[in-house]
Every structure is written in C-alpha cells, then in structure tokens.
Amino acid sequence: MKSVVIAGYARTPFTTAHKGAFAKVRPDDLAAAAVVGLLARTGVDGNAIEDLILGCAFPEGEQGFNMARLVVLMAGLPQAVGGVTVNRFCGSSMQAIHQAAGAIQMNAGNAFICAGVESMTRIPMTGFNPSPNPKLYAELPAAYISMGQTAENIAKRYRISREEQEAFSVTSQQKAAAAQAAGKLAAEIIPVGNVTQDGCIRPDTTQEALAGLKLAFDTHGTVTAGTASPLTDGASATLICSEDFAQAHGLPILARIRSIAISGCAPEVMGLGPILSTQKALQRAGLSVADLDIIELNEAFASQSIACIRDLGLDTAKINLDGGAIALGHPLGATGARITGKAAALLKREGKQFALATQCIGGGQGIATILEAL
Amino acid sequence: MDIHKVAVIGAGVMGAGIAAHIANAGIPVLLLDITTPTLDKLLKADPAPLMHPKNARLITPGNIDDHLAALRDCDWIIEAIVENLAIKQELYRKLATVRRADAVVSSNTSSIPLHELIAGLPDDFAAHCMITHFFNPPRYMRLLEIVSRAQTDQDALAKISYFCDHKLGKGVVTANDTPGFIANRIGIFWIQTAIHEAIALGLTVEEADAVIGKPMGIPKTGVFGLSDLVGIDLMPHLMHSMKHSLPAGDALLEKANIPPVIQTMIDTGYTGRKGKGGFYRLNRDGGEKVKESINLQTGEYSVSQAAKLDSVKASRDGGLQALVSHPDKGGQYAWRVLSQTLRYAAALVPDIADDICAVDTAMKLGYNWRLGPFELIDQLGVAAFAQRLAAEGMEIPPLLEKAREQGFYRHEAGETFYLQPDGTYTPLQRPAGVLLLADLKRHTTPLLENDAASLWDIGDGVACLEFHSKMNSLDPQILELIEESIAFIPNNHQALVIYNEGSNFSAGANLGLLVFAAQLGGWDEVDNIVRAGQRIYQTLKYAPFPVVGAPSGMALGGGCEILLHCDAVQAHAETYIGLIETGVGLIPSWGGCKEMLHRWSSFRKRPGGFLPPVLKCFEIISVATVAKSAQEAKDYLFLRPTDGITMNRDRLLADAKAHALTMVANYQPPEPPVFHLPGATARVAMEMAVNDFVAQGKATPYDAVIANTLAAVLSGGDTDITDTLSETDLLALEHQHFMQIVRNPATLARVSHMLETGKPLRN
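As structure tokens, then:
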C-alpha cells in the first residue's frame with residue numbers, strides 16, 4: 001500500500017448565503033480563489049498535478065459545465081491537468097479526497113487537488129429544476145425528504161430536547177468565536193477580495209436568544225434556524241499526494257490518510273450516516289473510538305450531531321475544536337474538504353496522533369476518513 | 001419644460017410620503033432634513049407609500065447643511081417642514097441662494113397663507129413660489145390644492161400643475177390664498193360640527209357614523225372613525241393654526257372650541273389609532289379583540305353597538321331627502337350637520353375658490369365624499385334646502401340664492417353647466433385627455449346592455465365594455481354581453497376597451513351563484529359557467545380587433561383572468577391584480593393558469609429549464625398573490641412589461657382608448673401558444689414543497705389539497721416534457737380539476753365564509 005497524505009489545506013472565508021459578502025460572487029470564482037491560494041501556500045508545482053477533483057452538491061447553472069475543468073483553467077494550472085466534478089451532496093469534497101487516495105493507490109497519479117465549493121445563494125439547494133421521480137416518490141417519499149425533517153425525525157427518535165440542541169449550538173458558536181478571535185482560523189483562510197474572515201459566526205449567541213427562535217421545519221418539532229447549519233457560500237481545497245511525492249517536493253505533510261469509508265442509511269434519518277461510516281473506517285484502520293484524538297464531525301444539525309456522538313460514544317472534548325458548521329457555515333460541496341483538511345491541520349497544531357472527519361449526507365449516507373500523524 | 005428632478009425638504013410623514021410618490025412617478029428625488037433621514041420607516045409604512053420597493057432607489061436622502069448645493073439640479077423644491085413661518089422663511093432665504101432661476105419652490109403648508117410665506121423675499125423667488133398642498137397619505141389621497149398669486153410665473157404654475165396631474169396622478173384644484181384653502185376649511189367645519197352636534201343631540205359615536213357614512217355618501221368611517229384615523233389631536237391643531245387668519249365672524253370660529261371629553265382624550269393619549277385608542281378602540285384585555293366605543297357624555301368605553309336608526313333605514317330607499325326629513329334623532333342630526341356644512345360651503349365661494357367645481361372636487365378627492373357640497377345641495381333640492389334654512393332663521397348665502405331656480409349644476413343637450421358666482425352658467429369642460437363614462441352616460445345610450453354590463457361608443461371607432469354588477473362581479477350576464485360585443489364590434493368599431501368607473505374593476509366571479517348552484521346540487525350549472533367563461537375569454541383573445549383592459553382598484557380572480565386575455569392592458573397605477581381563487585378553495589379556471597404559464601414560459605428574464613415557469617406560477621397562484629400596485633403587477637407578469645400605467649384615474653379611459661387605437665392598423669390576433677410541460681415530476685416537486693409548508697405550519701392540510709390540485713394543472717397533468725400541449729388541453733385540465741375541487745365541502749365552506757364575512761377561511 002502506498003502512503004497517501006494531505007499536504008495542504010486552505011479555504012475561502014465562509015459567508016452567509018443571500019446577505020453575505022459572497023452573494024454576488026460566482027462559485028467557480030470562489031473555487032478558483034481557494035485553489036490559487038492552496039497552490040501559493042504549498043508551493044506545489046502545477047505541472048505535477050494529475051487532476052483537480054471538485055466536489056459540488058448542485059452542479060448546475062454557474063456550478064455546471066464540469067466546473068472542475070474550468071477552475072483548472074481559471075486557477076492558472078497547466079492545461080495538461082484534468083478536472084472532474086463529483087457529487088455526493090454534502091460528502092462531495094470528502095469523496096474527492098477519497099477518489100484521489102484511490103487513484104494514488106492505483107498508480108493513477110501522484111498529486112491531486114481535492115476541492116469543494118457551493119454557492120447556496122446562487123444555486124438553490126434543490127437546483128433550478130427539481131424533478132423527482134414520481135414513481136419513487138410514491139413508493140418511498142423519504143427519498144426526497146427535506147433535510148430539516150430528517151433532523152426532526154432524529155430529535156424525536158433520540159428524544160433530543162430543543163434545549164439540548166440549543167446548548168450544543170451555543171458551544172459551537174463559542175468555540176468558533178474564540179478560534180476566530182484568537183486568529184486560529186486565519187491560518188486556513190484565503191482572503192477573497194477584501195473578505196478576510198468568516199461571516200456566519202454569531203459570537204453573541206445565547207441559549208435564551210435561541211429559545212426565542214421560531215421552529216423552522218415542523219410546528220410540532222424542536223429544530224430552529226439556530227440549531228441548523230446556515231445556508232452558506234464558500235470553497236475549500238486540499239492537496240492530496242503520495243508521501244513520496246510530498247517528500248520529493250519538500251511539501252509539509254499534515255497527516256496520512258489511514259482509512260476511508262462510505263455507508264448508507266435510511267433517508268429519513270440521514271443525519272445518522274456518520275455512525276456506520278465511522279465504525280467501518282475505524283475497523284479498517286484497526287482503531288477504536290478511544291484512539292481518536294481529534295474529531296471533525298460535520299454539524300449539519302445539532303440533533304444529528306448529538307445522536308452520532310451518543311451512538312458512537314465520542315468524547316465531546318475532542319470534537320470540532322474550532323467550532324462546527326452550525327457556527328462556521330456549511331457550503332454543501334465545500335464542507336468535506338474543509339473538515340478533512342481541518343482535522344489534518346489540527347493533528348499537526350495540537351500534536352496529536354489520530355483524527356476522524358465524518359459527515360452525514362442527504363438521501364441517507366455517511367462518509368468518514370481516519371487520519372494519522374506521521 | 002419638464003420636471004426631471006425634485007427635492008423635498010422635511011422628511012416627516014408628509015415630506016417622506018411626497019418624496020415616495022414622486023419616486024413612484026419614476027422621478028429622482030432628494031429628501032433632505034436637518035439630519036440625513038433613513039428610509040426604513042418609509043419602507044415599512046402601511047399603507048405602503050411606495051408603489052414598488054425598488055422605487056426607493058430614486059430617493060436620495062441628505063441633510064440641509066451638507067447637501068444644499070445639490071438643489072441646483074432640481075426643477076422643483078417642495079418644502080414640507082414644521083408649520084412655523086419664521087423657520088420656513090429662513091429656509092427660503094437659503095433656497096434663494098442655490099435655486100436655479102427657473103426652479104419652482106412650493107410649500108406643503110396646510111395653514112400659512114402664501115402671501116405671508118413670501119413676504120420680504122426677492123421678487124423672482126416669490127414669482128416661482130407657490131403652495132402645493134398634498135393630503136395624507138400622498139400616494140393614495142388624490143387631492144392636490146395649488147395656491148398661487150397673480151404675480152406667480154404662469155409657466156412655472158402650468159409646469160407644476162401638469163406634473164402633478166399627469167405624473168403624480170393628482171386631481172389638481174386651484175385654491176385661493178385663504179385659511180385652510182378649500183378642503184380643510186370645509187372639512188374641519190364639517191368634522192367639528194358633526195362632533196358638537198352628536199354631543200348636543202346625545203347620539204352615540206356609532207349612531208353618528210351610521211348617519212354620516214353611507215347615507216351621505218361618505219366612507220363608512222363617518223366622522224368619528226375618520227378622526228381616529230387621522231389623529232384626534234389633528235383637528236384642534238389645525239384649528240389653532242387657522243384661527244388667527246380666519247376672518248372675524250367666520251362660522252368656523254364658533255366651532256373652534258374643543259369639547260371637554262375630547263380634550264381629556266387628547267391629554268391622556270387617546271389620540272386615535274396612533275395612540276391608546278380613540279372614539280373607537282380594540283380592547284384586547286380578554287385575549288380576544290373587542291371593538292369598543294367611547295361614550296361622548298361620560299368618556300367611558302363600552303362594547304360597540306350597531307346603530308339602529310329608522311332615519312338611516314329610510315335613506316336606503318328615500319335617499320338624502322328621506323334622511324334629513326326623518327323626525328328621529330338621526331334625521332335631526334343629519335340635517336343639523338348637513339345644513340350648516342353646506343351653507344358654510346355656499347358662503348365661501350368665490351372667496352376660497354373661483355368656482356363651485358373646485359370645491360366639489362376638493363371635498364370628493366380630499367375627504368372621499370361621493371358628492372361635493374354643491375352636488376349634495378342639488379340632490380336635496382336647492383329650493384327646499386334654502387326654504388328650510390330660512391324657516392329655521394338661518395341666513396341664505398347669495399350663491400345659494402342664485403341657485404334656487406336651476407340648481408348649482410344643470411344638464412342640457414349632453415352638456416353640464418355649473419353656476420358661476422355672478423349667476424351665469426358655464427359649460428363644464430374636462431381637461432384634454434380626461435374621458436369619463438359618467439359624462440358620456442348623461443347624453444348617450446349604450447350600444448348593448450343588460451343588467452350587469454353595457455357596451456358604449458367612446459368615439460373614434462372604439463367601444464367600451466362596462467361592468468356594473470354588484471362589486472362588478474362576473475356572472476353569466478356579463479359573459480353574455482362580452483360575447484354579444486365581440487359579434488357586434490366588427491360591424492362599426494375597430495377596437496374594444498374594457499373599463500368601468502366602479503371602485504374596483506372586478507372582484508371576480510360571482511361566488512353567490514356558485515354557492516346557490518352547489519346547494520341545489522346544480523353541478524351542470526357550475527360546469528356550464530366554467531365552460532362559458534373559458535370559451536368567451538378565448539373568443540375575446542382571438543377577436544379580430546384589439547382589446548385593451550383598463551382596470552383600476554381590484555381586479556381579482558375572473559377579473560384578473562379577463563385582463564390576462566386582453567391584447568394589452570392600460571392600468572391605473574392603483575390597480576390590485578391577483579388570482580385569489582385558492583383563498584376560496586378553488587383554482588383559476590377561466591384560462592388563468594394557462595395564460596400565466598404562457599407568460600412565464602415565454603418571459604426572457606426567467607431562469608432556464610422547464611420547471612422555473614411552472615414553479616413561478618405555482619408560487620404566485622397557490623398563495624393567492626395580489627399585486628399591491630400596477631408596478632408590482634409587472635413583477636408577477638399579471639401585467640406585461642409593455643402594458644401601460646396611468647397615474648391619474650381620470651385619464652385612464654382616454655389613455656386606454658389611445659392605446660387601443662395604436663393597435664388597430666394591421667391588427668392580427670395573437671398566435672396560439674403551445675406548451676411543453678414537465679408533467680408528474682413537477683407535480684411531485686410542488687407536492688413536496690407543499691408538504692414541508694404544512695409541517696412548518698405555513699399551510700393547512702386543506703391548503704395542501706388545493707395547492708396539489710393547482711400543481712396538477714400547472715404541471716400539465718399526465719404529460720411529458722417531450723409532448724406538446726395546446727391551449728385546449730390546458731383549459732380541459734383547469735376545467736377537470738376545478739369541477740373536482742368545487743365539490744369538496746371544505747371548498748364550499750371557504751366560499752360561504754367569504755360571502756358571509758368578506759374574509760378568507762383557513763380550513
């Protein structure tokens with residue numbers, strides 16, 4: 001087996017959809033900015049890149065035309081570099097990393113840029129032409145269930161109260177705000193224009209304020225906009241290569257990819273996806289939950305995060321040290337590369353051994369990556 | 001010379017409202033105050049001062065100190081600052097230093113005479129200075145009083161009058177430089193009289209308003225409801241500022257005192273709707289809203305009681321005459337208020353205005369009276385009115401004396417003449433570009449006619465179809481007349497305008513007929529009406545002559561659908577168009593779905609793909625969207641981008657006729673559209689969205705049933721994107737699904753509730 005490593009991670013600021021600083025910025029421009037920033041920071045030779053794998057959950061409109069290839073051209077990479085856009089909804093850019101890892105194992109290239117992007121302002125979350133299959137919808141309506149409803153289903157099934165979800169959100173906001181204030185996020189952020197920092201974080205969030213919000217998805221439910229990740233615009237990028245390549249090119253290695261996994265679950269509780277995918281990845285890595293030092297668990301919703309923490313028995317002190325998606329935002333296609341890159345960077349920063357990055361995926365899936373320090 | 005840029009100084013309620021309305025006319029406007037104002041209040045105010053939120057972009061806020069120089073570019077500077085002569089004059093002196101030589105300066109003062117405003121100012125400034133008195137709220141109140149002097153620059157005066165009439169849509173009335181001008185002079189007298197007499201005769205506020213409202217042709221708020229609306233402190237305030245300038249012995253001075261009960265209300269913050277309450281208030285103490293009224297004798301509130309007065313009942317058949325001659329306290333009250341008010345008005349001409357038409361127009365447009373004071377006297381009978389005044393020992397004003405024989409207005413050979421102060425009669429002439437069916441009706445007979453509609457010849461080969469059913473609701477008789485008109489017009493006419501002078505173009509199909517048929521199980525009857533509407537609207541669309549719809553006020557449901565089938569629309573700016581069928585548990589079925597789908601599918605600026613037009617129509621129709629202005633109707637494509645908008649209600653018919661005439665040469669009916677619709681996948685996409693709305697509590701389960709029915713039609717039914725559908729196919733879908741949902745008891749509950757309460761039922 002070859003050793004596959006993460007040798008760079010960068011992202012644009014994440015800003016609130018519709019009213020944030022990137023509302024008028026095209027997603028391909030955002031993705032190109034993240035890639036250009038990554039190239040500059042790592043100093044990697046563009047000629048050595050095999051392919052740019054770009055995750056995007058709704059690859060249409062400005063995110064269409066196989067955006068990855070266009071981002072190659074926009075980022076000034078050599079024309080010999082390929083570009084492929086991949087879609088696994090929220091898991092898209094973690095999938096990009098997995099594909100690169102697989103390709104490297106197959107001797108199908110040594111270095112890949114694995115990026116992700118989503119403008120939730122400019123391309124609506126259902127796409128412009130949502131066209132469900134009427135027969136499938138009749139047989140299994142949950143195949144197209146709204147994400148908010150899945151969060152409600154989990155809250156009910158796991159008896160997670162609104163207060164518990166709100167407490168989780170407050171913690172996420174506090175961690176993100178503290179990290180931002182301490183300049184810890186600046187290390188990963190590539191300024192775009194005059195936008196230099198994240199726009200979604202709400203440092204003054206309190207449990208009382210959250211308690212006053214209206215229910216967002218179900219009048220009989222518990223989930224509000226405050227306990228869900230916000231609609232977000234942003235892009236992220238990682239450099240995935242063989243360890244040999246990194247050493248040959250003098251690239252600083254953040255972490256090695258120890259194992260990966262994908263899994264499916266019932267669409268109506270898609271937020272539970274990380275449970276099985278994490279178990280599979282741990283098993284493949286020959287590790288247990290107790291071995292994990294750093295955990296990046298995507299906070300699509302507070303309820304599903306809490307359920308995953310409970311079922312996996314995760315140590316909350318190790319989770320999302322610099323805040324999660326409820327505070328930072330969740331630009332669907334960009335999140336996977338962010339949390340994987342972040343987990344790798346945290347291993348380095350915190351001097352730890354093993355990290356997990358995992359997330360749930362609409363339609364009922366989970367995806368997980370186990371990293372280890374070299 | 002035109003007006004390209006305007007400034008309003010003073011960003012209070014009036015100033016900001018005037019600026020908003022100038023923006024509504026598409027003209028850039030500076031809005032200055034001592035400190036730079038924000039537009040937040042303007043954007044949130046209800047009723048909306050802006051006809052479209054985007055009009056706010058035409059308003060540039062600023063402050064007098066920093067942005068005075070910007071006034072150099074303005075053709076018209078409107079002052080709407082505090083009613084204080086010294087402060088106004090100080091501002092004028094500043095304006096004199098920056099104003100362009102031909103720029104007009106006008107004051108929105110309601111109480112300070114023009115000669116006082118310009119005293120001591122340079123002649124050229126004074127020559128370009130006038131009073132333009134707007135009424136609140138400036139967008140909605142049609143009256144604009146202009147006061148000028150003999151020395152006023154006549155070009156400047158003409159320029160402002162033209163702009164206010166054509167661009168702002170105001171009824172411009174020339175008033176003399178007297179206290180309160182026309183409308184407030186008489187209006188305040190009327191309100192004060194009505195209040196004093198109600199107290200004196202021991203009427204409740206409900207009784208007083210019942211007498212003053214409908215029987216006198218005045219909005220049902222009457223006088224106490226109106227006071228609550230404008231603020232109870234406004235009248236004393238206006239009285240106070242007018243007092244010093246009223247001539248000695250003026251009858252209004254006798255009415256100036258504020259009754260103790262009202263003074264107490266003002267002192268304790270009961271200033272009307274803006275305060276804690278007024279003559280009426282909504283008491284929410286028990287959790288429910290209970291309407292209460294104040295006792296004018298004791299100042300205590302109690303639950304409002306509907307007035308029961310025989311005089312009011314008598315007026316329903318016997319009119320105003322029956323009202324004032326009725327012996328009950330309502331009749332006595334009506335006479336006391338009317339006799340004094342009308343007599344006062346008669347005594348003021350030619351002092352406050354050169355002629356009676358100005359006074360009648362001012363009261364109609366400024367206080368929403370259906371008839372002006374002189375028209376009211378004519379209705380009472382001048383001789384009888386004068387006789388009763390004399391019998392009660394009241395002096396008869398000279399003008400009233402002159403009107404004894406022939407009235408204030410007389411109609412002769414198709415013309416209307418009005419009485420001049422010298423006793424002669426002058427023909428009433430409408431300004432160029434004003435065409436009114438009401439005038440036409442006095443001397444012509446309709447080309448075709450039934451109980452619900454008429455077809456008129458409005459000249460130049462253009463016919464006008466008028467609805468005159470109750471609320472202009474559409475029924476089989478109207479449909480019949482449309483069909484007859486379509487057959488009739490090609491013989492002698494070349495175009496059709498659909499227009500009427502009701503408050504509302506049409507409230508939609510007659511729901512009463514629907515309920516009646518449903519109760520008897522007459523589904524064939526309902527079926528026939530749906531089919532007849534579809535057939536006749538299609539015939540109208542493909543008629544061999546141009547058809548222009550000319551709506552004003554509400555154009556809802558079937559009233560909207562008929563506009564959608566016209567070749568063009570010339571809409572009054574205050575037109576409220578919408579497909580509201582879902583509110584009563586139905587879906588548009590006279591071609592409304594079909595036409596909206598066609599408009600959105602062929603709209604160039606829409607997002608790509610086959611779903612957006614379907615979803616857009618669904619969004620608009622499923623929540624019964626009503627556009628809040630003609631400008632906004634273009635956002636929804638209820639109006640096409642090329643449809644015309646007329647600001648002045650009185651100019652609508654002439655504009656529509658002109659619009660129709662431009663289409664006559666080489667007229668070709670439209671090409672029938674074809675439709676490519678996505679079928680079941682779109683229906684499912686909409687159904688999913690609706691289910692989420694139900695879960696979120698934004699829609700009821702029955703809303704979902706209606707929305708899914710609508711989705712079945714808009715998605716094209718059992719079709720595929722590769723198939724082609726015709727108009728006939730879509731009309732068949734509308735018909736099929738309408739006939740299905742109309743039988744649902746929950747739909748009938750909605751319809752009945754609407755008929756009984758005028759409000760939608762959310763079952």
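The listed protein sequences correspond, in order, to chains A and B.
Residue numbering for the first sequence follows UniProt numbering, beginning at 1 and increasing consecutively.
Residue numbering for the second sequence follows UniProt numbering, beginning at 1 and increasing consecutively.
Using N, Cα and C, we set each Cβ at its ideal position, and we do this for glycine too.
As the structure is a computational prediction, the values presented were derived from the model and not from experiment.
Just measuring C-alpha positions, the residue of B:211, B:133, B:97 sitting nearest residue 176 (chain B) is B:133. The secondary-structure analysis by DSSP pairs residue 419 (chain B) across a beta bridge with B:425.
Here DSSP, grouped into helix, strand and coil, assigns residue 607 (chain B) to coil.
The beta carbon of residue 128 (chain A) sits closer than 7 Å to some beta carbon of chain B. Annotation for residue 667 (chain B): 545, 546 place their beta carbon closer than 7 Å to its own, counting only its chain and skipping 5 residues before and after. At least one CB atom of chain B sits nearer than 7 Å to the CB of residue 137 (chain A). Every beta strand (DSSP E) of 3 residues or more that sits fully in the stretch 300-382 of chain B is shown, in chain order, as 301-303. For residue 364 (chain A) against residue 92 (chain A), the beta-carbon gap comes to about 16 Å, at or over 8 Å, which does not count as contact. In the three-state scheme derived from DSSP, where H, G and I count as helix and E and B as strand, residue 720 (chain B) is classed as coil.
By the rule that beta-carbons nearer than 7 Å mark a contact, residue 681 (chain B) touches chain A. Residue 11 (chain A): member of the beta strand (DSSP E) spanning 4-11, first to last residue. In chain order, 67, 85, 87 place their CB closer than 7 Å to the CB of residue 59 (chain A), counting only its own chain and leaving out the 5 sequence neighbours on each side. Under the Cβ distance rule, residue 692 (chain B) counts among the residues neighbouring chain A, one pair being separated by less than 7 Å.
The alpha-carbon separation between residue 222 (chain B) and residue 214 (chain B) amounts to approximately 8 Å. In the pairwise beta carbon analysis, the stretch 28-38 of chain A is classified as touching the stretch 4-16 of chain A: at least three pairs are separated by under 8 Å. Counting the other Cβ atoms within 10 Å of the Cβ of residue 144 (chain B) gives 16 or more, which makes it buried.
Ranked by how close their Cα comes to the Cα of residue 527 (chain B), the residues B:321, B:537, B:514, B:609 have B:514 in first place. In this chain, the beta strand (DSSP E) harbouring residue 233 (chain A) covers 232-242. Cβ atoms of residue 104 (chain B) and residue 160 (chain B) come within 8 Å of each other, at about 6 Å. If you look at residue 291 (chain B), you'll find it isn't in any alpha helix (DSSP H); it sits in the beta strand (DSSP E) that goes 290-294. If you keep only unbroken alpha helix (DSSP H) runs of at least 4 residues inside the stretch 67-137 of chain A, you get 67-74, 92-105. Residue 703 (chain B) has its alpha-carbon roughly 10 Å from the corresponding atom of residue 693 (chain B).
For residue 559 (chain B), the closest alpha carbon among the candidates B:573, B:541, B:579, B:542 is that of B:579. Contact annotation: residue 344 (chain A) and residue 6 (chain A) have beta-carbon atoms nearer than 7 Å. For the stretch 142-171 of chain A, the residues whose beta carbon sits under 9 Å from a beta carbon of chain B are, in order, 144, 145, 146, 148, 149, 152. As computed with DSSP, residue 403 (chain B) is found in no beta bridge at all. Under the Cβ distance rule, residue 713 (chain B) does not count among the residues neighbouring chain A, no pair being separated by less than 7 Å. Identification of chain A residues near residue 611 (chain B) by a Cβ-Cβ cut-off of 8 Å yields 128, 129, 130, 131, ordered along the chain.
Assignment of residue 368 (chain A) by DSSP, reduced to helix, strand and coil, places it in the strand class.
Burial check for residue 303 (chain B): the Cβ neighbour count within 10 Å stays below 16, so the residue is exposed. Counting only residues of its own chain and dropping the five nearest sequence neighbours on each side, residue 653 (chain B) has a CB closer than 8 Å to the CB of 435, 436, 437, 458, 464, 497, 499, 550. The Cβ-Cβ distance between residue 610 (chain B) and residue 627 (chain B) does not fall below 7 Å. Within chain B, not a single residue places a beta-carbon under 9 Å from that of residue 89 (chain A); the smallest gap is close to 16 Å. Its Cα nearest to that of residue 408 (chain B), the residue B:379 stands out among B:396, B:671, B:101, B:379.
Using a Cβ distance threshold of 7 Å, residue 278 (chain B) and residue 269 (chain B) do not count as a contacting pair. Within the same chain, 87, 89, 90, 92, 118, 332, 333 come within 7 Å of residue 57 (chain A) by CB-CB distance, once the 5 residues on both sides are set aside.
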